[in-house]
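Colleague:
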Amino acid sequence: MATAHALPLHAGLFAGRYRVQEHLGRGGAAEVVRAVDERLQRSVALKVFRPEAGGDAAERFAQEGRALARLRHPGLVEVYDYGTWGERPFLVLELIEGPTLREVLAREPLSPVAAARLGSQLARVLSFVHGHGVVHRDVKPSNILIGEGGAPRLADFGVARLPGDAAMTRTGCVVGTPAYLAPEQIRGRSARPAADVYALGLVLVECLTGRREYGGAPLEAAAARLHRSPAVPGHLPRGLSRILRQMTLSDPLQRPSAIECADALGEVTSLAAPALTQPLALRVSRMPVHRRRGASLAAAAVLALAGLAAGTAFDTDPRPAAPALPGPSGRPTSSETSSASGPRESATASPDGAEATAPTAGAAPAAAGSAPAPASPPVTAPAPGRASPAPSRGPGNPGRAGKVKKQH
20 MATAHALPLH
30 AGLFAGRYRV
40 QEHLGRGGAA
50 EVVRAVDERL
60 QRSVALKVFR
70 PEAGGDAAER
80 FAQEGRALAR
90 LRHPGLVEVY
100 DYGTWGERPF
110 LVLELIEGPT
120 LREVLAREPL
130 SPVAAARLGS
140 QLARVLSFVH
150 GHGVVHRDVK
160 PSNILIGEGG
170 APRLADFGVA
180 RLPGDAAMTR
190 TGCVVGTPAY
200 LAPEQIRGRS
210 ARPAADVYAL
220 GLVLVECLTG
230 RREYGGAPLE
240 AAAARLHRSP
250 AVPGHLPRGL
260 SRILRQMTLS
270 DPLQRPSAIE
280 CADALGEVTS
290 LAAPALTQPL
300 ALRVSRMPVH
310 RRRGASLAAA
320 AVLALAGLAA
330 GTAFDTDPRP
340 AAPALPGPSG
350 RPTSSETSSA
360 SGPRESATAS
370 PDGAEATAPT
380 AGAAPAAAGS
390 APAPASPPVT
400 APAPGRASPA
410 PSRGPGNPGR
420 AGKVKKQH
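Numbering follows the working numbering, with no gaps: position 259 of the sequence shown is 278.
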């Protein structure tokens, strides 16, 4: 008879309570299934740790549960339970019925006003998270779920930095997805709230252009921002281009706080003509039926990423940063950032090398003809030394491991 440790997740009742219905995704540290809680008769996302992922991954997995348990907000995924069954840790999470932002963008970019509204909502979620001493460290389209009414939900806290979390991040390591890392992370500095603000800025630029700002292989994507600032589209509503440039400044101390971003982006929305304020929910409802049906399985469970060691040093001697612009309040802001020269931190990439993505369990494949830009996997890279190796010029990394399927 198979032991609980080896029992496949598709084999009926898990932990004596959760009846597995279908497999949603698998990553380096965990696999995610859709299940029904037979006690409460509700659908859930069941995220189960894979023992072969190793000790650090196990602690990261437990950390995700602790992070979500202490953070209760409409813009986050709720954790229902955490436990161990047959030596396998598991998380029971809220199942979000909706696509990921990555899937939405695979169809078409957002209008400036829709992007500003989305950004304002996400910035408020980040402000709440930062207020509890947590830094997400992996803000990207595949970790943003679009729920009922078009409201975004931030998922995957598998690599989040918690208060007093220094021991979990080895010195000299970088954690996150290369395409969305802030310059200070690439240089091996600790990720502060300003790093999440930078990543959100890149996500919003991608919402407007429909393509990843820093694409290509992981090292190429990571190094690119050390040599050029993001190209913010022109002809945007008043205030939108300004706040996007501020969010993506090279110097973390010059970036606005998450709440300042939320206010500035919200003002863009409030000043827009009513005809331009089409809600994201309407865009989602217009997705082809076969895509929406699959996307509705997207679960708010993203696999914790544990060390995809690439072993390549990042450039630590970048060119001078672009001049800082004043914050929305007319002055440089640093309310959510501490010294840019904090302890050097490690970098972890996605286990499948496609993107430090945790699966939005069950995300549906992109419709034909609307494949998303290649995903850039989170990479585990050693602390940057003084050497400045030339970035790889190989082909871009295919697909994004969106919520657990080989795709960021």
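Think of the CB as a built atom: it goes at the ideal place given N, C-alpha and C, for glycine as much as any other residue.
Buried or exposed: which applies to A323, given that a residue is buried once 16 or more other Cβ atoms fall within 10 Å of its Cβ?
Modeller: Reliability of the predicted coordinates at A323 is poor, the pLDDT of 31 falling under 50, and the value obtained from them is presented with this limitation in mind. Burial call: buried.
Colleague: Given that a residue counts as buried once 16 or more other Cβ atoms are within 10 Å of its Cβ, and exposed if not, what is G207?
Modeller: Buried.
Colleague: Rounded to a whole number of angstroms, what is the C-alpha to C-alpha distance between T119 and P131?
Modeller: Each residue's alpha carbon lies about 19 Å from the other.
Colleague: Can you tell which of E97, V222, R85 has its C-alpha closest to the C-alpha of T196?
Modeller: Looking at the Cα atoms, V222 is the closest of the given residues.
Colleague: Three-state secondary structure (DSSP) at V222?
Modeller: Looking at V222 - three-state DSSP - the assignment turns out to be helix.
Colleague: State the Cα-Cα distance for the pair S365 and G35, rounded to the nearest angstrom.
Modeller: Only weak support is given to the placement of S365: the predicted model assigns it a pLDDT of 39, under 50, and the value that follows is read from those uncertain coordinates. Cα to Cα, the separation comes out at about 38 Å.
Colleague: Among A283, G235, G105, A201, which one has its Cα closest to the Cα of L272?
Modeller: Nearest option by C-alpha distance: A201.
Colleague: Keeping to the same chain, check which residues put their C-beta closer than 7 Å to that of R38; ignore five residues upstream and five downstream.
Modeller: Same-chain partners within the cutoff: G31, L32, A54, V55, E57.
Colleague: Output yes or no for whether 8 Å exceeds the beta carbon distance between G258 and V287.
Modeller: Contact flag set, yes.
Colleague: Spell out the partners DSSP gives F33 in its beta bridges.
Modeller: The partner list for F33 (beta bridge, DSSP) reads Y37.
Colleague: Using three-state DSSP, classify V158 as helix, strand or coil.
Modeller: Of the three classes helix, strand and coil, the one that applies to V158 here is coil, per DSSP.
Colleague: Just how far apart, CA to CA, sit A86 and L181?
Modeller: Whole-angstrom Cα-Cα distance: 7 Å.
Colleague: Where are the alpha helix (DSSP H) runs, 4 residues long or more, that stay fully inside the region 223-266, in chain order?
Modeller: For the region 223-266, whole alpha helix (DSSP H) runs of length 4 or above, ordered along the chain, are 237-243, 259-266.
Colleague: Within 10 angstroms of the Cβ of G138, are there 16 or more other Cβ atoms? Answer buried if so, exposed if not.
Modeller: Buried.
Colleague: For the alpha helix (DSSP H) that L200 lies in, which residues bound it at each end?
Modeller: L200 -> no alpha helix (DSSP H), and no H or E assigned at all.
Colleague: Could you give the distance in angstroms between the alpha-carbon of A340 and the alpha-carbon of Q204?
Modeller: Interpretation of A340 is limited by its pLDDT of 35, a score under 50 that renders its predicted location unreliable; no figure is taken from the coordinates.
Colleague: The beta strand (DSSP E) with G152 in it runs from where to where?
Modeller: Run containing G152: none; DSSP gives neither H nor E here.
Colleague: Who are T119's beta bridge partners in DSSP?
Modeller: T119 pairs with L164.
Colleague: Does the beta-carbon of L327 have 16 or more other beta-carbons within 10 angstroms, so that it is buried, or is it exposed?
Modeller: Summary for L327: the model assigns pLDDT 28, below 50, so the residue's position carries little reliability; its value from the coordinates is reported in the next sentence. So L327 ends up on the buried side.
Colleague: From G183 to G150, what does the alpha carbon distance come to, in whole angstroms?
Modeller: One C-alpha to the other measures close to 14 Å.
Colleague: Would you mind giving the Cβ-Cβ distance between C226 and P128, rounded to the nearest angstrom? I have them listed as a contact below 8 Å.
Modeller: Indeed they touch by this definition, with Cβ atoms about 6 Å apart.
Colleague: Mapping DSSP to helix, strand and coil, what is A64?
Modeller: Note: A64 maps to strand in three-state DSSP.
Colleague: If you draw a straight line from the C-alpha of E83 to the C-alpha of F176, how long is it?
Modeller: Spanning the two alpha carbons is a distance of roughly 5 Å.
Colleague: Taking Cβ positions, are V224 and V193 nearer each other than 8 Å?
Modeller: It is not a contact, given that the beta carbons lie outside the stated cut-off.
Colleague: Less than 8 Å separating the beta-carbons of L145 and L263?
Modeller: Not in contact: L145 and L263 (Cβ atoms no closer than 8 Å).
Colleague: Under 8 Å between the Cβ atoms of A240 and A198?
Modeller: Cβ distance < 8 Å, so A240 and A198 count as in contact.
Colleague: Report the three-state DSSP secondary structure of P212 (helix, strand or coil).
Modeller: Helix at P212.
Colleague: Please identify the residue among T103, R274, E122 whose C-alpha is closest to the C-alpha of R211.
Modeller: Among T103, R274, E122, the Cα nearest to that of R211 is on R274.
Colleague: For my contact list, L90 and A64 are in at a C-beta cut-off of 8 Å; report their separation, rounded to the angstrom.
Modeller: About 17 Å separates the two Cβ atoms, so there is no contact after all.
Colleague: Between R136 and the rest of its own chain, which residues show a CB-CB distance below 6 Å, the 5 nearest in sequence each way excluded?
Modeller: These residues qualify, in order along the chain: T288.
Colleague: Between the C-alpha atoms of I278 and G285, what's the straight-line distance to the nearest angstrom?
Modeller: Distance between the alpha carbons of I278 and G285 is about 10 Å.
Colleague: Could you check what DSSP says for E57 in three-state terms: helix, strand or coil?
Modeller: Correct three-state label for E57: coil.
Colleague: Determine the closest residue to E116 out of E106, P171, W104, A81, with distance taken between C-alpha atoms.
Modeller: Of the listed residues, the one whose Cα sits closest to E116 is P171.
Colleague: Using only CA atoms, which one of A142, L255, P256, T267 lies nearest to E232?
Modeller: If we check each option's Cα against that of E232, T267 comes out closest.
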